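See structure below.
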Amino acid sequence: MVVISNYAGVTNVELAYTQLNVNQCPGEHIRNVYANSAVGDRNAFRFTWYTIDRETTECQYQTISEEEIGFDLASYRCVCKIGYEYSFNSMKNYFEGAIIEREYMASESTIDIVPLLPEHRQPVMDLLMRSFFIQEPLNNMLKFDIPHEPLPWANHAFDNALHDQCSFVAIDTTTPQKDFVGVILNGISNKAEEDSFVIESEKLKFIFSLIDQVMDGYDLFELYKTDRLFHCDVINIDEKQRGHNLSVRLITKSLDKARQLDIKGAYVVCSSLFSRKAFMRHGFQVINELLYSKHEDKRLLNMGIHDRCTLLGKQL
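Numbered by the numbering used here, the letters in the sequence shown go through residues 8 to 323 in order.
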């Protein structure tokens with residue numbers, strides 16, 4: 008606010024930042040961010056209401072890439088020390104220390120992430136039938152006949168995942184039966200091969216027609232200059248375990264394994280807003296989107312926040 012004599016007015020100030028440094032770490036006193044001495048000082052810009060406790064967390068300086076937020080931004084992100092829990096519940100906010108909860112949960116979690124094995128078939132099928140094929144947005148809209156209708160394709164996806172050896176399950180070690188609470192079924196596509204599996208379910212055919220539409224015209228092998236591509240077919244977390252970063256851990260394990268196998272590119276087609284956000288947190292970028300509002304099938308007009316099918320990709 009600018010006050011001149013008896014007149015008051017509002018002035019707009021445009022700041023053309025090429026870099027902004029934000030330090031959450033507590034200092035000895037508050038700095039005047041408008042002082043000449045503050046220019047270029049990475050400690051000048053501080054959100055004091057979210058400063059961290061040095062006993063529980065430590066700061067790491069980083070640069071956030073332009074692709075993630077629209078312009079180059081430098082900041083400090085706060086990493087929790089072992090044994091301390093992140094107090095916020097935000098998804099991705101570098102000014103609040105976005106990776107603290109993930110770091111803590113990975114070190115203290117009672118849920119193990121282990122490679123997919125043949126003996127996991129039945130518990131994985133049970134999880135998918137009581138969760139994925141009922142609650143995933145498109146599945147929920149189409150209302151499958153559980154388990155008969157989706158079971159053949161689910162077994163086919165499981166077989167492919169076993170063969171390619173880059174899939175994982177999440178097991179709760181605190182329960183007597185070691186309950187399966189999460190799964191990610193991944194595969195490796197080869198440029199010279201095509202999946203010849205025949206889908207009988209009309210509802211599954213409809214879903215795969217949407218996948219074909221969003222991928223039409225995009226040669227991902229050419230995009231990532233490779234003959235092999237990692238892809239995720241299913242990621243599912245038990246409803247009771249959501250909000251504990253299990254999807255982050257499953258995706259991280261999967262991408263690490265893909266790199267070990269010398270895979271150069273990865274892609275996924277997401278029909279859920281939440282899965283799309285999860286993969287974008289790992290650096291996946293939007294290649295193409297199919298907006299349901301522009302689709303001729305009227306069943307897609309009431310999908311709420313899950314209003315599109317998105318093709319995401321990432322260079323590994």
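Backbone N, C-alpha and C define an ideal beta-carbon position, used for all residues, glycine too. All values derive from a computational prediction rather than experimental measurement.
Own chain residues within Cβ distance below 8 angstroms of residue i, not counting five before or after
i	result
P125	L169
T180	T117, I118 and D119
K247	V188
K185	I178 and D179
Residues that DSSP places opposite residue i in a beta bridge
i	result
H313	Answer is none; H313 lacks a bridge partner.
D119	I178
Q292	G320
S363	Missing from the structure shown is residue 363; the chain here goes from 8 to 323 and no further.
C173	Looking at the DSSP assignment, C173 forms no beta bridge with any residue, so it has no partner.
F237	I195 and A273
F187	I178
T242	For the sequence presented, residue 242 should be read as Ile rather than Thr. Partner(s): I191.
Sequence-distant residues of its chain with Cβ nearer than 7 angstroms to residue i (five each side left out)
i	result
P130	F187
G224	none
M136	I153 and P154
V121	F175, V176 and I178
P159	E207
K260	I120 and F175
Helix, strand or coil at residue i [DSSP, three-state]
i	result
F204	coil
I214	helix
A273	strand
D304	coil
N252	coil
L297	strand
H127	helix
F151	coil
W56	Caution is warranted here: a pLDDT of 37 is assigned to W56, below 50, making its placement in the model unreliable, and no coordinate value can be reported.
E156	coil
V143	The question names Val, but residue 143 is Glu in the sequence shown. In this structure, E143 counts as coil in the three-state DSSP scheme.
N162	helix
L230	helix
The ligand NAD heavy atom lying under 7 angstroms from the CB of residue i
i	result
I120	Inclusion of the ligand NAD in the displayed structure is not the case, the ligand content being empty and no account of it being possible.
Proximal residues to residue i (C-beta, below 6 angstroms), its chain only, five neighbours per side dropped
i	result
L253	A177, G189 and I244
D171	G194 and I195
L298	R315
I270	R235, F237 and L323
L149	K210
L192	A164, A168, S174, D240 and V241
E303	none
K264	C173
Contact with chain C by residue i, beta-carbon distance below 8 angstroms
i	result
M136	No chain C is present in this structure, which holds just one protein chain.
Rounded distance between the beta-carbons of residue j and residue i, thought under 8 angstroms
i	j	result
L262	H238	Rounded, the Cβ-Cβ distance is 12 angstroms, inconsistent with contact.
P157	F151	5 angstroms
V221	L318	5 angstroms
L280	H313	5 angstroms
F291	V276	Actually they do not touch by this definition, with Cβ atoms about 11 angstroms apart.
TODO: Tell me, please, whether the stretch 138 to 148 touches the stretch 191 to 207 by the rule of three or more beta-carbon pairs shorter than 8 angstroms.
DONE: Using a C-beta cut-off of 8 angstroms, the stretch 138 to 148 makes no contact with the stretch 191 to 207, since fewer than three inter-stretch Cβ pairs fall below that distance.
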